[in-house]
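Chains as they are written, first to last, in the working numbering: chain S, 1 to 598; chain X, 599 to 1196.
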């Protein structure tokens, strides 16, 4: 096996440093100090030190052992990417970091940790665990990888734009007023915004600091009297934005990012109470509050629920975004069906759908890296195509494409499963069962108060009956020109947040046959009130996504009357909304594939 | 309005007593010191002091106000039964006792309470509430109602019988050994059994201390070395039972009931740790433990889960019990259909089904008071017929009958909804939607770990889609020749206990039209492992109840293929199992009504 000198050298550097500091180890998680799903390239420290490029994991570097912890979906990839090193891969569903430490550490040791890379609740939990298990967690002042990794450490410098009322629907003034009322009600003086989506939503601004998400990597402190301290590189803010924000509040101040901790210290020293969300606030920020008992108020972000309930402008916007997305998707599906199989491959297809979206007005970026998986690659739930894995299409197998866009009007996310050539009887059966699951959820009615935990079983039930299942959630919340995965609600076991009118969620049951193919049918849906809501308290889903579901994969004999009606109406509705916005060839094709089955 | 002198006098007596004791009030709940669902007549203190005979509630007697708290289903009844008194009725779903006190008590007051009538966790909660709300809860030594209510206070004296291995399946020795292992694992020295069903199950004995439940009103202390202290009137135990129990353990002692607290005090004084279930143990028992921090272990009853998982003898027994029940039910339904409407009334019907059950071998008693509700009475969920409310049957309306039996082999509970005459189109639609709900749950498959909270929505979903619902749980656990309502599992929002193979639960969705009629379809089901459980971890329900579901109320056009198959198979299975055990007339009738619909 080829030795990976690059990675080994980096680990050796780090180890010498730890030794000098009399530390026995260091843990580097994948996340950066914003604790989000996506990390800017120059903060991909886990990848730099280990070679592992997956989206979740952490490395524990001890003097005699190196363990990379990640979840089951990255098992193969993690082992491949760490070849030629001494890194062992451990799957967290089998052994968590804490369990590993419990079982493997005999003598008292000191493990160092960067407090910016852990939420307050998470690191508190680590420290508590350490106290009971002979492990001292040492809170570092500086990230040790940054001592060796020479790279451009400049903070993002992309343009920041106003997200005008045309798209945001509600002024910052109004949002601020609601937030401050919550603060007053909970007897706190200031709230530290650590969630970048909450910040962008509150200030009605959007940026391009991440590849797939139009947020800005910055933080703010909001005071109960509507004063705003924004911590950001001043030069990024155009005069028009500063003017807008000054118009929204009496007191708007900008500080350099490195002033944040000083300000928090000052506020808490003046005996004011500071609200932090323990799940999204880095430990480094929370620990700065002096006298935590009297000056810290721990509770969920007071913005996230309001942000998740889309206002009428955002709802209208989402419909517009889905229409544009539908045009791109219909053109894509037409292209896919009309191109000879042997001319197709995964990269080509991914580029095609990405480029078709780019042509749409107000398109900002894809909302995540397009998943374009043919045959066995489609069975890898978090597959990302590369030159190495790129599969040429062949006849009679299944292609899975999961993609989405960020438009000024809203965020989209859709998965279509397409047969290339002819499906087997089994493929049709499996696809149809997944479709039954999708329809069961899409057509559910449920009373106010119902949470994603309750609804999850509605989608799984038809699969379980057929001895099928999927190892991921059924649906995730979606932001409005923000994160494609944005809660706090989701449709998944354990999610206790009640769904509310105006929330958008995905509906994406699937079925994955290892080494064969993957099936997933994903639409976005919005929660709406039943027409007679005042009396019956019932909510329902309205599907937003507009792209035909492949009839060739449906075994209609397995559908009951209501299910047939649903799929006929769905495809017909796609035709009605999209057919006049595509060229004649596509329109004619669309007419055929959207025709109701009798 | 006629003044109710009897009740008013009783309340006055109690008030003078409270005054003398310098107390400002007293709360009397409906329950007795065994905290169960059923209360022996001579412990119906709430009824004695208030006149209210419902199965849930509590009265708060203050010097200037008397409030009867009960839930919505008893609203009308409670108001009727307290006429001619100064008792105000308050519905707990709108205002709980604690909320009422919070809103109505301004100055510091002392409210007395009988610590035998509240669970440890419940009364602790009250005391804590009082501390924050200016209310001192005074723990009484003696129940004040017992000072005035002259009645036979003798403890139950009914025969106690062995529940032999033929019916129980597992020896006390084995059950005891499992229990003691749990105690050792949790580092406790003794467990106080307060749940009468747990006691009967562990000792393999049954009694007749309650009208509908073959338990014995007694308690025991079990020590980790398998020593048993049973607190009961010695004379009730036949020699054969004593001999059996002495054979099961090295050390079996009987004490008078009033020795229990002394023994608990002794044990805790010797610095032993005592396990109590805070939900089912009266506060009076728990408070006896000295030095609670070190000597008390609070956790769920260590018997209840094992008791709920029926062993193979109990499962076989349940099938036999359901066959007998099926014979009684088929005879009943035949009688109902072949008797002229104008000859029928609710009492007659209830007596008929009760008598048909009595004829079955090993029948002990009905498992609850038969609910026999014609037309609008069927819409009252907890209806009990009386001479006053008894309705004569008329044409073209619905009759609802919910009944069950206690057999040595097992406990049954079944509801059938029957059309008398011809149904309207709407009745058929409503009945069929309830049937769809019933079938959805009955035919569900679900992975190990799924709780009743998760499954509840499967039954409600078809109803919600049609703007229907029911204001009760979907299913309750059922004991084996024990309580008809016996958890810890149930199928209901909020129930987090995972269903396990061997558990029995009811499946009883319904729909109630106030002042018109009620619909409910209830079968018992047992949880079983899928044939391929080792690989797929899936469980399913097998229905136990054997009584035809009324085809005249089914609109087959509303059923899909699987649902039609289910109902055809269900009725056919009833015919197969019952037809050779009833007379020819009934058999011929059964053949027609169980014939599959095409």
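Cβ coordinates follow ideal geometry from the N, Cα and C atoms, glycine included.
Does chain X have any CB closer than 8 Å to the CB of residue i?
i                      : result
residue 444 of chain S : yes
residue 564 of chain S : no
residue 439 of chain S : no
residue 501 of chain S : no
residue 277 of chain S : no
residue 426 of chain S : no
residue 447 of chain S : yes
residue 554 of chain S : no
residue 193 of chain S : no
residue 561 of chain S : yes
residue 536 of chain S : yes
Using beta carbons (cut-off 8 Å, strictly below), is residue i in contact with chain S?
i                       : result
residue 1096 of chain X : no
residue 1165 of chain X : no
residue 1062 of chain X : yes
residue 1065 of chain X : yes
residue 1059 of chain X : yes
residue 664 of chain X  : no
residue 1031 of chain X : no
residue 1089 of chain X : no
Determine whether the beta carbon atoms of residue i and residue j lie at a separation below 8 Å.
i                       : j                       : result
residue 472 of chain S  : residue 490 of chain S  : no
residue 1017 of chain X : residue 1148 of chain X : yes
residue 68 of chain S   : residue 25 of chain S   : no
residue 816 of chain X  : residue 826 of chain X  : no
residue 309 of chain S  : residue 427 of chain S  : no
residue 807 of chain X  : residue 756 of chain X  : yes
residue 820 of chain X  : residue 865 of chain X  : no
residue 484 of chain S  : residue 413 of chain S  : yes
residue 135 of chain S  : residue 97 of chain S   : no
residue 1209 of chain X : residue 918 of chain X  : Nothing can be reported for residue 1209 of chain X: it is not among the residues displayed for chain X, which extend from 599 to 1196.
residue 371 of chain S  : residue 330 of chain S  : no
residue 1151 of chain X : residue 992 of chain X  : no
residue 566 of chain S  : residue 439 of chain S  : yes
Shortest alpha-carbon distance to residue i belongs to which of the options?
i                       : options                        : result
residue 1156 of chain X : X:1124, X:1144, X:1090, X:1063 : X:1063
residue 898 of chain X  : X:875, X:883, X:905            : X:875
residue 1086 of chain X : X:653, X:732, X:904            : X:904
residue 89 of chain S   : S:103, S:65, S:225, S:17       : S:65
residue 132 of chain S  : S:157, S:106, S:156            : S:106
Ordered along the chain, which non-local residues of its own chain (more than five positions away) have a Cβ less than 7 Å from that of residue i?
i                      : result
residue 679 of chain X : 649, 650, 651
residue 839 of chain X : 758, 760, 803
residue 362 of chain S : 407, 408, 409
Please work out which residues of its chain come closer than 8 Å, Cβ to Cβ, to residue i, disregarding the five sequence neighbours upstream and downstream, and give them in chain order.
i                      : result
residue 163 of chain S : 200, 204, 205, 206, 408, 481
residue 654 of chain X : 628, 668, 669, 672
residue 580 of chain S : 587
residue 532 of chain S : 538
residue 93 of chain S  : 71, 72
residue 212 of chain S : 38, 365, 366, 367, 368, 369, 406, 484
Leaving aside the five residues before and after residue i along the sequence, list all residues of the same chain whose C-beta is less than 6 Å from its C-beta, in chain order.
i                       : result
residue 713 of chain X  : 737, 881, 882
residue 1169 of chain X : 1146, 1192
residue 45 of chain S   : 28, 145
Using 7 Å as the cut-off, classify the Cβ of residue i as near or not near the heavy atoms of the ligand SAH, replying yes or no.
i                       : result
residue 1063 of chain X : The model on display carries no ligand, and the ligand SAH is accordingly not part of it.
Applying a beta-carbon distance threshold of less than 9 Å, which residues of chain A neighbour residue i?
i                      : result
residue 132 of chain S : The structure shown contains no chain A; its protein chains are S and X.
| query | Any contact of the segment 743 to 750 of chain X with the segment 899 to 916 of chain X, i.e. 3+ C-beta pairs under 8 Å? | reply | no
- prompt: Are the segment 323 to 337 of chain S and the segment 355 to 368 of chain S touching by the rule of at least three beta carbon pairs closer than 8 Å?
  reply: yes
*Evaluate contact between the segment 369 to 387 of chain S and the segment 506 to 526 of chain S, counting only Cβ atoms and requiring at least three cross-stretch pairs below 8 Å.*
yes
> Would you call the segment 602 to 611 of chain X and the segment 637 to 649 of chain X in contact, with 3 or more CB pairs under 8 Å?
Replying inline: yes
Self-check item: Three or more C-beta pairs below 8 Å linking the segment 183 to 196 of chain S and the segment 234 to 250 of chain S
Solution: no
Would the segment 172 to 184 of chain S and the segment 253 to 263 of chain S be scored as touching if the rule is three or more Cβ pairs under 8 Å?
no
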